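In structure tokens:
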């Protein structure tokens, strides 16, 4: 039983990373698809009750945003893992500019997420924290951050 929380601004690679690494093993919940917190909560609770592996593919920028998932997942005895998408603002804005339709987020929204983004800490309840960066070839570099002396 595993809950994976993605943490990162828009256009930092979260959904692509999910498709490449977790689409075959974990259910994906995100507000872009579900559109309301109520729908998300219903599906989240169903996954916890069914002991289903899942990924929360939202920005989750603050400790408070993440706690809404961590607290109930801990009560359900899930392992909780963070993937922190460490992205440069200008690179994220450039990737966002290439998006079309609803996928293109207003620049002010991307900037606001970067401004309030708090790096994850083990004290929040994570069993593991990974730093994910988009490499120059368009792939991903993923590194486990050690519990002792971790700096993100």
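Numbering (UniProt numbering), first residue to last: 1 to 152.
Quick reminder that beta carbons are idealized off the backbone N, C-alpha and C, glycines included.
Note that the coordinates shown come from a computational prediction; the quantities given were computed from them, not determined experimentally.
query: Once you ignore the five residues that flank residue 34 on each side, which residues in its own chain have a CB closer than 8 angstroms to its CB?
result: By 1-based counting over the chain shown, the position of residue 34 is 34. Cβ neighbours of residue 34 within its own chain (closer than 8 angstroms, five residues either side excluded): 40, 43.
task: Report buried or exposed for residue 82, applying the criterion of at least 16 other Cβ atoms within 10 angstroms of its Cβ.
output: As a working mapping, residue 82 is identified with position 82 in the chain shown. Classification for residue 82: buried.
- prompt: With DSSP run on the structure shown, which of helix, strand or coil describes residue 144?
  reply: Here the question's residue 144 lines up with position 144 in the chain shown. In this structure, residue 144 counts as strand in the three-state DSSP scheme.
DSSP three-state assignment for residue 112, whether helix, strand or coil: Stepping through the chain shown from its first residue, residue 112 is reached at position 112. Looking at residue 112 - three-state DSSP - the assignment turns out to be helix.
query: Would DSSP call residue 117 helix, strand or coil?
result: If you number the chain shown from 1, residue 117 lands on position 117. It is coil, neither helix nor strand.
message: If I measure Cβ to Cβ from residue 77 and keep anything under 7 angstroms in the same chain, skipping five residues before and after, which residues do I get?
response: One-based indexing of the chain shown puts residue 77 at position 77. Excluding positions up to five away in sequence, the list reads 1.
- prompt: Considering residue 82, what are the terminal residues of the beta strand (DSSP E) in which it resides?
  reply: Taking the chain shown and counting its residues from 1, one reaches residue 82 at position 82. Residues 79–85.
query: Based on Cα-Cα distance, which residue from 96, 101, 116, 100 lies nearest to residue 107?
result: Within the chain shown, numbered from 1, the residue matching residue 107 stands at position 107. Measuring C-alpha to C-alpha distances from residue 107 to each of 96, 101, 116, 100 identifies 96 as the nearest.
Closest residue to residue 141 among 14, 25, 10 (Cα-Cα distance): Translated into positions along the chain shown, residue 141 becomes position 141. Checking every option, the nearest Cα to that of residue 141 belongs to 14.
message: By the DSSP assignment, the beta strand (DSSP E) with residue 131 in it spans what residues?
response: On the chain shown, residue 131 is found 131 positions in, with the first residue counted as 1. Here the beta strand (DSSP E) through residue 131 covers 128–134.
query: For residue 129, which option in 109, 112, 79 has the closest C-alpha, if you only look at C-alpha atoms?
result: In the chain shown, residue 129 corresponds to position 129, counting from 1. Distances from the CA of residue 129 to each of 109, 112, 79 were compared; the closest alpha carbon is that of 79.
message: Taking the alpha carbon of residue 93 as the reference point, which residue from 71, 84, 109, 57 has its own alpha carbon closest?
response: In the chain shown, residue 93 corresponds to position 93, counting from 1. Of 71, 84, 109, 57, the residue nearest in Cα terms is 109.
message: One question on the structure: do residue 126 and residue 9 come within less than 8 angstroms of each other, judged by their Cβ atoms?
response: In the chain shown, the residue the question calls residue 126 occupies position 126. In the chain shown, the residue the question calls residue 9 occupies position 9. In this structure, the beta-carbon distance from residue 126 to residue 9 does not fall below 8 angstroms.
- prompt: By the 10 Å Cβ neighbour count, where 16 or more other Cβ atoms means buried, how is residue 36 classified, buried or exposed?
  reply: Residue mapping note: residue 36 aligns to position 36 of the chain shown, counting from 1. Burial call: exposed.
- prompt: By the 10 Å Cβ neighbour count, where 16 or more other Cβ atoms means buried, how is residue 67 classified, buried or exposed?
  reply: The count along the chain shown starts at 1 and reaches residue 67 at position 67. Exposed is the call here.
- request: Measuring alpha carbon to alpha carbon, tell me which of 133, 100, 64, 11 ends up nearest residue 123.
  value: Your numbering for residue 123 matches position 123 in the chain shown. Among 133, 100, 64, 11, the Cα nearest to that of residue 123 is on 64.
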